[in-house]
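Undergrad: In order, the protein sequences belong to chains A and B. Read in order, the letters of the first sequence correspond to residues 46 to 367 in my numbering. Read in order, the letters of the second sequence correspond to residues 58 to 354 in my numbering. Yeah, the Cβ is synthetic: ideal placement off N, Cα and C, and Gly gets one too. Source: prediction; values computed, not measured. I have a structure I would like to understand better, so I am pasting it below and will then ask my questions one at a time.
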Amino acid sequence: MSVLTTPRSAQTQPPSGRKGARTPGARENFSGWANRHRKWLFAAPAMIFVGVLIVFPLGWTLYLSLTDSQGSVRAASEFVGVQNYLTVLSDVERFWPAVGRTLSFTGVALVCEVVLGMCIALLLWRPFRGEKWVRVAILLPLVATPVAVGMMWRLIFDPNIGFVNQLLGMVGIPAQPWLSGQDTALGTTIFMDVWQWTPMVVLILLAGLTSLSEEPDEAARMDGANAFQRFFFITLPLMMPTVIVAILLRGIDALKTFDILYATKGKGGGSFHEVETLNVYAYGLSFDYNQYGLSSAVLILFFMIIIGSMWLLTMRKKAVSK
Amino acid sequence: MTVVSENTEPQTVAAVPAKIAPRPRKPLGSRAYKVFRVAALVAVVLFLIAPLFWMLLASLKTNVDIYDTGKSFLFTPTFENYANVLQRNNYFVFIFNSFWVAFVSTALSLVLGVPAAYAMSRFTMHRSALVVLMARVIPGVSLLVPWYYVFSNLKMVGGFEVLILSHMFVSLPLIVYIMMSYFDSLPLELEESAQVDGLTPIGAFRRITLPLSVAGMATAGILSFIFSWNNFMFALVLSGSKTKTLPVAIFDFVSYASIDWGGLMAAATVVTIPIMIIALFTQKYIVSGMTAGATKG
């Protein structure tokens with residue numbers, strides 16, 4: 046409210062203010078106006094841009110999800126109410142498995158990334174020689190193009206010529222199918238996600254660790270707590286808000302993972318849909334099969350899952366921060 | 058024990074110079090821990106670097122050598138794959154496309170995003186910020202169908218404009234997010250004293266705040282460039298044969314060659330090398346961008 050009253054009070058100011066010295070020309074008037082309304086003048090272009098590009102498409106998706114639109118978005122479509130949602134929600138062959146895969150992909154990847162990320166962050170916490178090089182190594186997977194990363198792992202995990210099977214062969218473990226196996230494909234893509242994104246978790250947690258004050262840790266040390274006790278009873282509780290931020294940022298992206306899945310397994314998440322997550326499923330419905338009505342219903346449900354999980358995490362963060 | 062007794066009487070110690078009561082520097086654990094730490098760090102670095110190294114090696118091998126497991130590390134390097142990829146498959150065009158789209162979308166997003174982030178930070182417009190940040194959360198596919206429809210009606214699909222617009226949709230929220238936390242950390246006093254000295258609020262923003270925010274803008278700009286360079290899904294749907302970006306070009310590589318591994322790895326290396334070089338030189342900025350806002354309550 047105080048913000049709203051600012052322009053009004055500025056308007057009622059007599060012109061004998063700072064600008065009174067000069068003749069108030071047209072330019073002066075514009076500049077005065079611009080300064081008074083700078084809040085919205087600055088924010089509006091970006092908000093309009095995002096608004097037009099989100100609100101309209103989102104509304105459209107919502108509308109499409111209630112029609113039987115297919116083939117071409119331009120083709121005539123009929124309003125079918127919640128029919129698409131009923132079809133999708135009763136689809137145990139593609140939709141529910143895709144939900145399961147999305148959640149297990151995200152869940153497993155997040156657990157691995159946070160645990161591994163915390164371990165690496167703790168290793169890097171105190172300064173050491175060669176720190177610079179380790180930091181460079183951490184940065185490289187993070188900035189690598191996901192599609193290229195997918196292709197790279199395709200070669201490394203290739204059942205016949207891949208390096209992983211070569212390594213396994215040396216210690217006498219039989220070759221595994223990895224990406225081409227029906228049961229191993231999802232796990233392998235999770236591994237790829239962990240390789241690429243653990244560094245991001247490390248960076249976030251490391252920023253959190255360096256901003257911690259040393260006193261509690263110091264005090265616990267004085268009281269004779271060992272390293273594990275200090276970590277689980279002092280450092281970890283203090284780090285909880287940062288951990289949740291890391292989970293939140295990573296979780297949003299992990300739920301929406303598309304590039305590496307599409308790059309390694311192609312349309313439909315492979316011939317048995319073994320890595321078909323909700324995002325891949327919705328993309329296929331939209332652009333490989335042109336089932337716009339159905340895909341919109343899937344997307345709306347997907348969106349609700351994302352918002353729901355974010356909301357839960359934000360609540361958790363508030364509880365932890367108190 | 059002496060340390061403890063000193064700490065229990067901080068008032069009396071306070072007057073004494075710090076030299077007499079030095080802060081106990083942590084003995085970094087035992088020798089065993091040190092050895093463990095070095096080993097663990099080496100393992101981490103290997104885990105992160107080895108796959109990239111393997112990709113680079115494969116890109117320098119002929120396909121015959123790639124299939125020969127005896128020649129994993131010992132082989133005669135060849136640049137043939139790179140020559141193929143760059144010349145025959147027109148990768149210079151794709152490199153230019155990727156660069157142009159990333160550069161323009163980042164520049165435009167900075168122009169729109171920096172003032173917006175400033176207003177949202179200074180006037181604490183949390184709800185407005187939420188609208189912009191929503192863009193980070195929404196699954197891209199749900200926007201692609203309507204975009205594709207509208208832009209194909211406007212005959213824009215396959216042009217640079219639509220690609221740039223779609224990439225801005227990723228860059229803008231990122232830039233707003235990073236710049237908001239940057240402006241939040243910038244003290245208000247400087248602007249206030251500039252206004253006392255006769256600058257208008259917008260003038261103070263332009264002459265005081267903006268020059269002080271160059272580091273923040275560099276952070277936001279570099280990250281936005283990287284994200285745009287790496288973006289795959291939007292370009293997959295919205296780019297045409299003339300505007301194809303590198304990630305889509307690599308993806309297509311698989312569909313028409315019956316996996317020419319050497320060429321594919323050369324192509325993958327061509328995409329990742331420029332971005333990694335940028336990352337090496339701007340490491341500091343990337344780290345501060347990735348962790349922006351992560352440590353505030």
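If you compare alpha carbons, which of B:K301, B:I123, B:A97 is closest to F149 of chain B?
TA: B:K301
Undergrad: With DSSP run on the structure shown, which of helix, strand or coil describes T112 of chain A?
TA: strand
Undergrad: Put F101 of chain A into one of helix, strand or coil per three-state DSSP.
TA: helix
Undergrad: For chain B, check one thing: does any of its Cβ atoms lie closer than 8 angstroms to the Cβ of T190 of chain A?
TA: yes
Undergrad: Quick one: is P268 of chain B buried, meaning 16 or more other Cβ sit within 10 Å of its Cβ, or exposed?
TA: exposed
Undergrad: Give the straight-line distance between the Cα atoms of A174 of chain B and A79 of chain A, rounded to the nearest whole angstrom.
TA: 17 angstroms
Undergrad: Since L98 of chain B meets chain A, which of its residues come closer than 7 angstroms, beta carbon to beta carbon?
TA: L168, V179
Undergrad: What residues of chain A sit near W157 of chain B, judged by a beta carbon separation below 9 angstroms?
TA: Correct list: empty, because the minimum Cβ distance to chain A is about 16 angstroms.
Undergrad: Write down every uninterrupted run of the alpha helix (DSSP H) in the region 189-244 of chain A whose length is 4 residues or greater and which is fully enclosed by it, in chain order.
TA: 191-201, 208-215
Undergrad: Let me check one thing: in DSSP terms, what residues is F124 of chain A bridge-paired to?
TA: A:T112
Undergrad: With a threshold of 8 angstroms, are at least 3 pairs of Cβ atoms found where one atom belongs to the region 340-350 of chain A and the other to the region 190-206 of chain B?
TA: yes
Undergrad: Tell me which same chain residues have a C-beta within less than 6 angstroms of the C-beta of A66 of chain A, skipping the five on either side of it?
TA: Unreliable positioning characterises A66 of chain A in this predicted model, as indicated by a pLDDT of 45, which lies under 50. The coordinate reading is nonetheless provided below. Excluding positions up to five away in sequence, the list is empty.
Undergrad: Mind pulling the chain B residues with CB within less than 9 angstroms of D113 of chain A?
TA: Within chain B, no residue comes near D113 of chain A; the closest Cβ sits about 15 angstroms away, beyond 9 angstroms.
Undergrad: Starting from the beta carbon of V290 of chain A, find every residue of chain B whose beta carbon is closer than 7 angstroms, and list them in chain order.
TA: Here the neighbours are A351.
Undergrad: Counting only the same chain and skipping the five closest in sequence on each side, list residues whose C-beta sits under 7 angstroms from that of V159 of chain A.
TA: Cβ neighbours of V159 of chain A within its own chain (closer than 7 angstroms, five residues either side excluded): V246, V288, A291, I292.
Undergrad: Straight-line CA distance for M236 of chain B to G273 of chain B?
TA: Each residue's CA atom was taken as its position, placing M236 of chain B and G273 of chain B some 6 angstroms apart.
Undergrad: Quick check: what's the CA-CA separation for I221 of chain B versus W157 of chain B?
TA: 9 angstroms
Undergrad: For F317 of chain A, which of helix, strand or coil comes out of DSSP?
TA: coil
Undergrad: Helix or strand or just coil, what does DSSP make of Y382 of chain A?
TA: With chain A running from 46 to 367 in the structure shown, residue 382 of chain A is simply not present.
Undergrad: So, G198 of chain B versus Y307 of chain A, is the Cβ gap smaller than 8 angstroms?
TA: According to the sequence displayed, residue 198 of chain B carries Val and not Gly. Contact flag unset, no.
Undergrad: Pick out whichever of A:V100, A:G126, A:A182, A:F208 has its Cα sitting closest to the Cα of W111 of chain B.
TA: A:F208
Undergrad: For N80 of chain A, decide whether its Cβ has a neighbour in chain B, counting only Cβ atoms nearer than 8 angstroms.
TA: yes
Undergrad: In three-state DSSP terms, what is P331 of chain B?
TA: helix
Undergrad: Please determine, among A:N335, A:G217, A:W356, A:S366, the residue with the shortest C-alpha to C-alpha distance to R119 of chain A.
TA: Among A:N335, A:G217, A:W356, A:S366, the Cα nearest to that of R119 of chain A is on A:N335.
Undergrad: Among the residues of its own chain, which have a CB less than 6 angstroms from the CB of G162 of chain A, if the five just before and after it don't count?
TA: A distance below 6 angstroms between beta-carbons, with the five flanking residues on each side excluded, links G162 of chain A to the following residues of its chain, in chain order: T243, V246, V247, L250.
Undergrad: Measuring alpha carbon to alpha carbon, tell me which of B:A115, B:S238, B:T276 ends up nearest L190 of chain B.
TA: Taking each of B:A115, B:S238, B:T276 in turn and checking the Cα distance to L190 of chain B, the smallest one comes out for B:S238.
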